[in-house]
Structure formats: C-alpha cells, structure tokens
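A.B. asks:
In the numbering used here, the protein residues as written are 24 to 194.
Set out below in structure tokens:
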C-alpha cells in the first residue's frame, strides 16, 4: 500500500473522528502512518493495530505478543510486548481516540487544533519513548500535506453523525 492509498483509506474515519473528538485528522493519519509503517507492519496487517497500542490490564479483548523497539535512556532496545488485537482499522482508530480522551495527562493537547501542535503536546505528555516522536509526526504531516484534512474549529461543534462513531461490536 502506498502512502497515498493509506491516506485515502483512513482519512475519512480520521476526519469524522476529528469532528467528534477534536483530535486533528492530520495527527491521526500521521500517527497511524508512523506507528504502522504505512500499514506495512505485521501488527497493522494481521492484527489491525495501527497505533502500536499495547494491551494492559484494562484491555479485555484479544492480544498478541511481538517484539518492539523501546527507548531507555535515549537508546533503542528490543523488548517483547503484548499488543491489542482489533477486528478493523476503524476499531483501532476509535480505541486510540478513547485512550487520548480519557487519559488526563493528554488533556492539554486538546487546546490545539492543528496536527503539529497536537503532536508536540501529546509527545510532551509522554506518549512515546522516542525522543524524536513529535518531529517524526510533524514531518509526515508536512511531507504529505495532511493539514488539509483538519476540520476548522468552527465545524467541530456539530453533532456526531447518526449511529455514532464510537458504536461498534467491541462495546
């Protein structure tokens, strides 16, 4: 899948999510691209986990154990991790949004309506162990013109679409 194909595939869900949650669509697409290698990772292809979301004690769904690179004291190390398994990319996008919305440490990010500023705020709150995380997201946003996906703040006060973005078989 090319980057353009990936963007076309998930941009509609990212824009709908932005209208409901105020998470910029450019941030969602860039984060999914970075975390999944443009949907080339095994985690994204086989387990629909676009964001590299690990399974903790709050997760009651299926899981898979796979190695990953983490950063300890600024240096990469390979560790075994347990990951959430989803039934679709949409379920992955919804779950990541729930996580950001319900975790108090990420609330300052919601003061920002652009993907780059949102990325900096999420990274500053400790989202990833990679010290270059925000810079990588911002580079993807800029390189692929993802800011064009962001919904102006005046439109985010609309009612959610009928059926609700967050209704799924997981709930």
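For glycine and all other residues, C-beta sits at the position ideal for the given N, C-alpha and C.
Are the beta-carbon atoms of residue 139 and residue 164 separated by less than 7 angstroms?
C.D. replies: Here the question's residue 139 lines up with position 116 in the chain shown. Here the question's residue 164 lines up with position 141 in the chain shown. Closer than 7 angstroms, so yes.
A.B. asks: Quick one: grab the DSSP three-state call for residue 94.
C.D. replies: Position 71 of the chain shown, counted from the first residue, corresponds to residue 94. In the structure shown, residue 94 sits in a strand (DSSP, three-state: E or B).
A.B. asks: Out of 129, 158, 155, which has the shortest C-alpha to C-alpha gap to residue 148?
C.D. replies: If you number the chain shown from 1, residue 148 lands on position 125. Here the closest residue by C-alpha is 129.
A.B. asks: With 16 as the cutoff for other CB atoms within 10 Å, does residue 125 come out buried or exposed?
C.D. replies: Reading the chain shown from its first residue, position 102 is the one you call residue 125. Answer is exposed; the Cβ neighbour count stays below 16.
A.B. asks: Suppose the cutoff is 8 angstroms on Cβ atoms and the five residues either side in sequence are ignored; what does the same chain contact list for residue 82 look like?
C.D. replies: As a position in the chain shown, residue 82 is number 59, starting the count at 1. Only 107 meet the Cβ criterion.
A.B. asks: Can you grab the Cα-Cα spacing for the pair residue 113 / residue 100, in whole Å?
C.D. replies: Counting from one through the chain shown, the residue named residue 113 turns up at place 90. Counting from one through the chain shown, the residue named residue 100 turns up at place 77. Spanning the two alpha carbons is a distance of roughly 30 angstroms.
A.B. asks: Run through the DSSP bridge pairs and tell me what residue 89 is partnered with.
C.D. replies: Mapped onto the chain shown, residue 89 falls at position 66. Note: residue 89 is bridge-paired with 104 in the DSSP secondary-structure output.
A.B. asks: Classify residue 35: buried if its beta carbon has 16 or more other beta carbons within 10 angstroms, exposed otherwise.
C.D. replies: In the chain shown, residue 35 corresponds to position 12, counting from 1. Classification of residue 35: exposed, given that the 10 Å Cβ count is below 16.
A.B. asks: If you run the structure through DSSP and keep just helix, strand and coil, what is residue 127?
C.D. replies: Translated into the one-based positions of the chain shown, residue 127 becomes position 104. Residue 127: helix per DSSP, three-state reduction.
A.B. asks: Quick one: using the 10 Å Cβ neighbour count with 16 as the cut-off for buried, is residue 152 buried or exposed?
C.D. replies: By one-based count along the chain shown, residue 152 stands at place 129. With fewer than 16 other Cβ atoms within 10 Å, it is exposed.
A.B. asks: Could you compute how far the alpha carbon of residue 44 sits from the alpha carbon of residue 62?
C.D. replies: Looking up residue 44 in the chain shown gives position 21. Looking up residue 62 in the chain shown gives position 39. Cα to Cα, the separation comes out at about 23 angstroms.
A.B. asks: What does DSSP give as the partner residues of residue 15 in its beta bridges?
C.D. replies: There is simply no residue 15 to check, as the chain begins at 24 and stops at 194 in what is shown.
A.B. asks: Do residue 73 and residue 59 come within 7 angstroms of each other at the CB atom, strictly closer than that value?
C.D. replies: The count along the chain shown starts at 1 and reaches residue 59 at position 36. The count along the chain shown starts at 1 and reaches residue 73 at position 50. Going by C-beta atoms, residue 59 is nearer than 7 angstroms to residue 73.
A.B. asks: Please state whether DSSP places residue 159 in a helix, a strand or coil.
C.D. replies: Translated into the one-based positions of the chain shown, residue 159 becomes position 136. In this structure, residue 159 counts as helix in the three-state DSSP scheme.
A.B. asks: Suppose the cutoff is 8 angstroms on Cβ atoms and the five residues either side in sequence are ignored; what does the same chain contact list for residue 154 look like?
C.D. replies: Position 131 of the chain shown, counting from 1, holds the residue named residue 154. Hits under 8 angstroms: 94, 97.
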